[in-house]
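Scroll down for the structure; my scribbles are underneath it.
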Amino acid sequence: MNYDFTTAHARYNMEAAKWDSMGIQEPGIVPLSVADMELLSPPEIIEELKKTAEFGMWGYTSWGERYGSAVCHWMKTRHNWEIDPSWIVQTNGVVQALQAAVRAFSDPGDEVLLLTPVYYPFYRAVRMNGRRVLESPLRLADGRYEIDFEDLEEKAKRARMLLLCSPHNPLGRVWTREELRRIGDICLKHDVLVVSDEIHFDVIMPGYVHTVFASLGPEYAQRCIVCTAPSKTFSLAALCVANILIPNEELRERFSEEIRRSGCYTYSIFGMRALETGYMQCGDWVDQMCAHVYGNYQCLKDFMAEYFPKVWVADLEGTYLCWFDCRSFGMKGKELENYLHEEARLFLDEGYIFGPAGDGFERLNLACTRKTLTDALERFRKAFARIA
Numbered sequence: 001m002n003y004d005f006t007t008a009h010a011r012y013n014m015e016a017a018k019w020d021s022m023g024i025q026e027p028g029i030v031p032l033s034v035a036d037m038e039l040l041s042p043p044e045i046i047e048e049l050k051k052t053a054e055f056g057m058w059g060y061t062s063w064g065e066r067y068g069s070a071v072c073h074w075m076k077t078r079h080n081w082e083i084d085p086s087w088i089v090q091t092n093g094v095v096q097a098l099q100a101a102v103r104a105f106s107d108p109g110d111e112v113l114l115l116t117p118v119y120y121p122f123y124r125a126v127r128m129n130g131r132r133v134l135e136s137p138l139r140l141a142d143g144r145y146e147i148d149f150e151d152l153e154e155k156a157k158r159a160r161m162l163l164l165c166s167p168h169n170p171l172g173r174v175w176t177r178e179e180l181r182r183i184g185d186i187c188l189k190h191d192v193l194v195v196s197d198e199i200h201f202d203v204i205m206p207g208y209v210h211t212v213f214a215s216l217g218p219e220y221a222q223r224c225i226v227c228t229a230p231s232k233t234f235s236l237a238a239l240c241v242a243n244i245l246i247p248n249e250e251l252r253e254r255f256s257e258e259i260r261r262s263g264c265y266t267y268s269i270f271g272m273r274a275l276e277t278g279y280m281q282c283g284d285w286v287d288q289m290c291a292h293v294y295g296n297y298q299c300l301k302d303f304m305a306e307y308f309p310k311v312w313v314a315d316l317e318g319t320y321l322c323w324f325d326c327r328s329f330g331m332k333g334k335e336l337e338n339y340l341h342e343e344a345r346l347f348l349d350e351g352y353i354f355g356p357a358g359d360g361f362e363r364l365n366l367a368c369t370r371k372t373l374t375d376a377l378e379r380f381r382k383a384f385a386r387i388a
């Protein structure tokens, strides 16, 4: 079956966070910022949610065998990782899980290690809970971001835990098995717990393979928690469903207790039905979606090469988020942001929100129709041709 990646809807007046944050309502202006899709979810999920809505009774819900089997099926068939359903701790989202993990596995004043620049809620999860951010900056070498393992090991001596973004947001890196093993070995050596945010693990580009951190081996699995969700995969963020997979029973109980303490232990039947349908029926849709995103990436890369060759575009290995360098235009921070908004009518995620090393860069969401992307790039061309 060939799926439709040409249809999308304007989300004005739908209480869509990234649309409302633009502060404007102009025909044809689509925000390419926050990481949810400007594409329709799989039709199989849409139909299942219609049935769930028509049932007309939506009481308190807790996951059971059907749900657990779907999660196990997806992990095995998509990621070659066999899990036990008892490892599943359900949450409303991965960001909630990051916050809970920081509280459960560290104490106020502890240092939490981040590979930066990185997804901005990582910083919040550390600082909002009274812990201290410990950065190990990623190196941009020969057009590719790499881990500085010497620096990572030195910082690991002081850290209580590592929040790992895998695949990496916003840089689009898919860490190799060898890189992940080196991270794991350093963390085992210095007794650093790994909290691996793998929410983008289904969105992998041709030629790359994602490795779930816990699948590296039993010793690694016993010292990590793996954060997953169908939200990025199928555009389900508003349905609030995520699965935190924790093989170690003691760690799982500590984390579960923190979730219970927060009062968040009721979940949406709509999110559960969407996950079950996606994980059991929509593998082909994911394959086609990834191919569509990669086509959009090639379109962006070709555009920059033709019109703005000084703009470096990071290789897209995973996620549907493309990172590119706008420093050649002589603007950073709010100045660049304002120019994009006012002159190009482009609403992206600014690089500086991912940390100081991101200032002057932009993150663009490629999970959109090709027309949406080409229209945005044409506005970019007109705006920046005046100053290039």
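Note that the working numbering has the sequence shown beginning at 1, numbered continuously upward. Cβ coordinates follow ideal geometry from the N, Cα and C atoms, glycine included.
Where the beta strand (DSSP E) containing residue i begins and where it ends
i	result
Ile45	Here Ile45 belongs to no beta strand (DSSP E); instead the alpha helix (DSSP H) covers 43–55.
Leu98	Leu98 -> not in any beta strand (DSSP E); alpha helix (DSSP H) instead, spanning 94–105.
Thr228	224–228
Ala242	242–245
Val212	No beta strand (DSSP E) contains Val212, which DSSP labels as neither H nor E.
Thr77	Premise fails: Thr77 lies in the alpha helix (DSSP H), 65–79, not in any beta strand (DSSP E).
Val89	88–91
Nearest residue (CA-CA) to residue i, options the options
i	options	result
Gly143	Leu316, Glu154, Met75	Leu316
Glu378	Asp325, Arg273, Glu306	Glu306
Ala97	Tyr352, Glu198, Phe234, Gly295	Glu198
Glu258	Ala229, Leu275, Gln90	Gln90
Asp349	Gln99, Ser41, Phe361	Phe361
Glu111	Gly130, Cys290, Val95, Ala357	Gly130
Leu193	Ile204, Gly351, Cys72, Ala101	Ala101
Gly28	Glu15, His9, Lys18	His9
Pro170	Asp287, Ala357, Ala383	Ala357
Leu340	Ala376, Pro206, Glu250, Trp285	Ala376
Met1	Ser69, Ala16, Pro42	Pro42
Leu373	Gly351, Ala344, Tyr352	Ala344
Phe5	Leu336, Lys301, Ser235, Leu239	Ser235
Ile353	Thr116, Ile88, Glu38, Ala70	Thr116
Glu26	Thr369, Leu346, Phe384	Leu346
Gly333	Gly355, Trp312, Met14, Trp87	Gly355
Ser86	Lys232, Leu245, Ser166, Val311	Leu245
Val174	Lys157, Ser196, Glu154	Ser196
Val212	Arg370, His168, Met304, Pro206	His168
Gly278	Thr233, Asp302, Cys299	Thr233
Cys322	Glu342, Glu337, Gln298, Glu335	Gln298
Gln99	Ala16, Phe303, Ile225	Ile225
Ala35	Leu336, His200, Glu47	His200
Span of the alpha helix (DSSP H) around residue i
i	result
Cys299	283–307
Val112	Where Val112 is concerned, there is no enclosing alpha helix (DSSP H), although the beta strand (DSSP E) it sits in stretches over 111–116.
Leu251	249–261
Thr233	231–234
Val126	121–127
Ser21	17–21
Glu219	218–221
Cβ-based burial, residue i [other Cβ within 10 Å; buried from 16]
i	result
Ala274	buried
Thr7	exposed
Gly93	buried
Ile387	exposed
Ile24	exposed
Thr160	Position check: residue 160 holds Arg in this sequence, whereas Thr was assumed. It counts as buried.
Met128	exposed
Asp107	exposed
Val209	exposed
Asn243	buried
Leu202	At residue 202 the sequence reads Asp, which differs from the Leu that was named. Result: buried.
Asn365	buried
Gly318	buried
Thr369	buried
Lys155	buried
Ala229	buried
Pro309	exposed
Residue i beta carbon near the ligand SAM (any heavy atom closer than 7 Å)
i	result
Gln99	Ligands in the displayed structure: none, and consequently the ligand SAM is not present.
Short CB-CB distance (under 8 Å) between residue i and chain B
i	result
Tyr307	Among the chains in the structure shown there is no chain B, since it carries only a single protein chain.
What residue ranges within the region 131–207 form continuous beta strand (DSSP E) runs of no fewer than 3 residues, ordered along the chain? As far as the region 131–207 is concerned, its whole beta strand (DSSP E) runs of at least 3 residues are 132–137, 139–141, 144–146, 161–165, 193–197.
Output the residue ranges of the beta strand (DSSP E) runs that lie fully inside the region 303–379 and measure 3 residues or longer, sorted by chain position. Segments of the beta strand (DSSP E) lying fully in the region 303–379: 321–325, 361–365.
Taking contact to mean at least 3 C-beta pairs separated by less than 8 Å, is the region 261–271 in contact with the region 56–63? Contact holds: three or more Cβ-Cβ distances are below 8 Å.
Could you say if the region 294–305 and the region 112–130 meet the contact criterion of at least three C-beta pairs nearer than 8 Å? No: the two stretches stay apart, fewer than three of their Cβ pairs being nearer than 8 Å.
Contact between the region 173–192 and the region 328–342 (3+ Cβ pairs under 8 Å): With a cut-off of 8 Å, the region 328–342 and the region 173–192 do not count as touching, because too few Cβ pairs lie within range.
Meets three-Cβ-pair contact criterion under 8 Å: the region 240–251 and the region 280–290: Short answer: they don't touch.
Count Cβ pairs between the region 64–71 and the region 217–224 that sit closer than 8 Å; are there 3 or more? No contact exists between the region 64–71 and the region 217–224.
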